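For reference, the structure discussed in these notes is given below.
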Amino acid sequence: MTGEMLFVFAVVAVAGGLLVSGKVRLDIVALLVVLAFVLSGTLTPSEAFAGFGEPVVIMVAALLVISDMLARTGIAHHIGKWLVRFARDGEVRLLVLLTLVVVLLGSFMSNVAVIAIFIPVVMSIANRTNLNASRLLMPLAYAGIVSGMTTLIATTSNLVVSAELVRAGYEPFGFFSFTPIGLAVLTVMLVFMITVGRRLLPGERINPPKTATRTVRDLLKEFELPGSAHRLKVPTGTKLVGRTLASSAIGKNYDVRVVLVERPGALGSAIETIPAPDLEIRAEDVLVAFSEPETIEKVQLKYKLEKLEVRDVDRERWIQETGIAKVLIHPGSGLIGSSLRKIGLRTIYGIQVLGLRRKNETLPDFVDRNIRSGDSMLVAAPWSRIRQLQSKLNDFVVLAIPAEIEHVASSWQRAPLALAILAVMIALSVFKIVPIAIAIVICALLAVVTRCLTMEQAYRAIRWSTVVLIAGMMSISKAFEKTDAVGLVVDQLVSGVGTAGPHAMLATLFVLATLLSILLSGAPTTILLAPIAIQAAQALEVSPYAFAIAVAIGASSSYVLPVANPAATLVVSQGEYRFADFFKVGIPLLLLTGLITILLAPWLFPF
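Numbering that gives the first Met the number 0 puts the first residue of the sequence shown at 0, with every later residue one more than the last.
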């Protein structure tokens, strides 16, 4: 083993430790790896940054745009509504329907996005029936994981192994190359969940009946805010007149959240919903604010405001103008670690945070607390922005929208266009009219041209941290190749396992991919193992496709630890799960998935 090899292995070990620790952002780790190889002379700058020009990186970015298009146009939401409409008190029926729908959608869009969309659907089903949400959310997460095994574009791992095959001089996987194994895993998972898995799920099957829908009042009560909206009239001559909301420092000094401003006019009062910080306060304005009664009293006395009665007609008008929603902080959100005051959600998203809950407890004085993964917030905004929050899947998961939205919200009109664009992408790929990378980029551009989303929304849909992670970690593959570290690993595998035949090597690669994905997640695992799998096949003089597909499927099989896959992480707090719950259900599923892969991969892609 040369000094260069030792250095490469050391960099990989340190990077793995940083990824496992969770204390350093994944994209930062990837960039540190790139810098380590360049500064040490292991790679030239052009070699280290070559990953940023790889087609797979462009494909991942474009697929995130297409996924956002499907979310924005409401396709998944419409399917969710259909599912709610046909929901009955049958756990098995719901489990099967939910699994099939999620796998279908997850085959063509981000499985994390699909789970984020369907969590409120499951909660709504549980809310209107006597079923326990905890017994539906874990199967929902597992359906999202299995959806990543069904098509080439379903997960980044599939794209990475296909790209590595091309780099090694082989033909890439086809659009539906993964489908037979994915469908077999899906079938076995359904049978397992119906017969055995349901008995391992936590909680009682039957919960006490609940109300069919949740209202604004219900959500306010959950966050301990019932009746806490106050109307404060600004008289002529008070020192608030002429100042902006920001310069008045009402929010900063008194923790008073102004969600509406009623402004008198010739044709009656107009309403400014979630007023901007630079809104100038005028005489006779009525500020509609949320805070504790004693705090409101202090503000009233300080600025000589007139407190008005809150009437039913006022509440009805507010509901027409302003909505609220309960949102969950996404585990990959860029908001985590920052306080609400520093983030400025009113400026970024046009929303006002009314309350924050952590581990089922409402937090007082939450404005300066750092946000954590799994926190839930009650937010207020115009109804149009409440709807838009459902597509902000990188930061939020909308858990509950009150029933009042049905009376004011408009429906999506571009869903047929989005479906047509998806069909075009599949046709271009399946019939090999153009390379799949070009097909994906064409359809991402069509999404913008047809106004399914704007160019600005398309850029915002791209998770640049994911793009940087994949591109940066590809420098490891290049360093492995240049220093022949891959050859060393392959020699060890071939001498240790290869003598038992290709089936033993296939099983070993699946186990390695599964174990590494628990620590590093799917994309880094496939970047590390794909070239090793291909060279191992060359050393054994067999076709590399079965080995490559075993690595991809193994990297997606994150059933056991929810932290290994955001699709599973999202359901932990809502289902009130313990890690032991995932062990009980996940280990049998992992063993079944491994068995199916080891049996089917050589049959579909003969050695």
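For glycine and all other residues, C-beta sits at the position ideal for the given N, C-alpha and C.
Model, not experiment: these values are computed from the prediction.
- It is roughly 11 Å from the alpha-carbon of residue 450 to the alpha-carbon of residue 71.
- The beta carbon of residue 523 lies closer than 6 Å to those of 472 in the same chain, with the five residues before and after it left out.
- Under the three-state reduction of DSSP, residue 156 is assigned to helix.
- Three or more beta-carbon pairs drawn from the segment 545 to 561 and the segment 513 to 521 are found closer than 8 Å, and the two stretches are therefore classed as touching.
- The beta carbon of residue 349 is closer than 8 Å to those of 273, 380, 381 and 384 in its chain, skipping five residues each way along the sequence.
- Annotated as proximal: residue 134 and residue 200, with beta-carbon spacing under 8 Å.
- Looking at the DSSP output, residue 356 bridges to 361 and 375.
- Taking all protein chains shown into account, residue 81 has fewer than 16 neighbouring C-beta atoms within 10 Å of its C-beta and is therefore exposed.
- Of all alpha-carbon atoms in 417, 487, 537 and 571, the one lying nearest the alpha-carbon of residue 1 is that of 487.
- Taking 8 Å as the cut-off, the beta carbon of residue 141 is found closer than this to the beta carbon of residue 588.
- Residue nearest to residue 43 within the set 6, 33 and 52 is 33 (criterion: CA-CA distance).
- By the neighbour-count definition (other C-beta atoms within 10 Å, threshold 16), residue 454 is an exposed residue.
- As a beta-bridge residue in DSSP terms, residue 395 pairs with 328.
- By the neighbour-count criterion, in which a residue is buried when 16 or more other Cβ atoms sit within 10 angstroms of its Cβ, residue 214 is exposed.
- Among the bridge pairs identified by DSSP, residue 261 is matched with 270 and 285.
- Approximately 6 Å separates the beta-carbon atoms of residue 191 and residue 591; this is inside 8 Å, confirming the contact.
- Here the alpha carbons of residue 359 and residue 584 stand approximately 25 Å from one another.
- Nearest to residue 198 by C-alpha distance, out of 137, 285 and 481, is 137.
- Residue 597 counts as buried, since at least 16 other C-beta atoms from the protein chains shown sit within 10 angstroms of its C-beta.
- The alpha-carbon separation between residue 460 and residue 443 amounts to approximately 11 Å.
- In this chain, the alpha helix (DSSP H) harbouring residue 301 covers 292 to 302.
- With a cutoff of 8 Å on beta-carbon distance, residue 345 and residue 276 are scored as near each other.
- Straight-line measurement puts the Cα of residue 125 at about 5 Å from the Cα of residue 132.
- 279 is the residue among 366, 321, 279 and 259 whose C-alpha sits nearest the C-alpha of residue 238.
- Of the candidates 311, 317 and 293, the residue whose Cα lies closest to the Cα of residue 286 is 317.
- Rounded to the nearest whole angstrom, the CA to CA distance from residue 437 to residue 58 is 8 Å.
- Segment contact: the segment 99 to 114 against the segment 146 to 154, three or more CB-CB distances shorter than 8 Å; contact assigned.
- Counting only runs of 3+ residues, no beta strand (DSSP E) is found wholly inside the segment 506 to 552.
- Taking C-beta atoms as the reference points, residue 160 and residue 550 count as a pair closer than 8 Å.
- When 605, 526, 434 and 601 are compared, the shortest CA-CA separation from residue 174 is found for 434.
- Within the same chain, and ignoring the five residues on either side of residue 189 in sequence, the residues whose Cβ sits closer than 7 Å to its Cβ are 95 and 98.
- The C-alpha of residue 566 is placed about 25 Å away from the C-alpha of residue 361.
- Here the alpha carbon of residue 465 sits roughly 31 Å from the alpha carbon of residue 123.
- By the neighbour-count criterion, in which a residue is buried when 16 or more other Cβ atoms sit within 10 angstroms of its Cβ, residue 256 is buried.
- Around the beta carbon of residue 292, a 10 Å sphere encloses fewer than 16 other beta carbons of the protein chains shown; the residue is thus reported as exposed.
- Under the DSSP assignment, residue 232 falls in the beta strand (DSSP E) whose first and last residues are 228 to 232.
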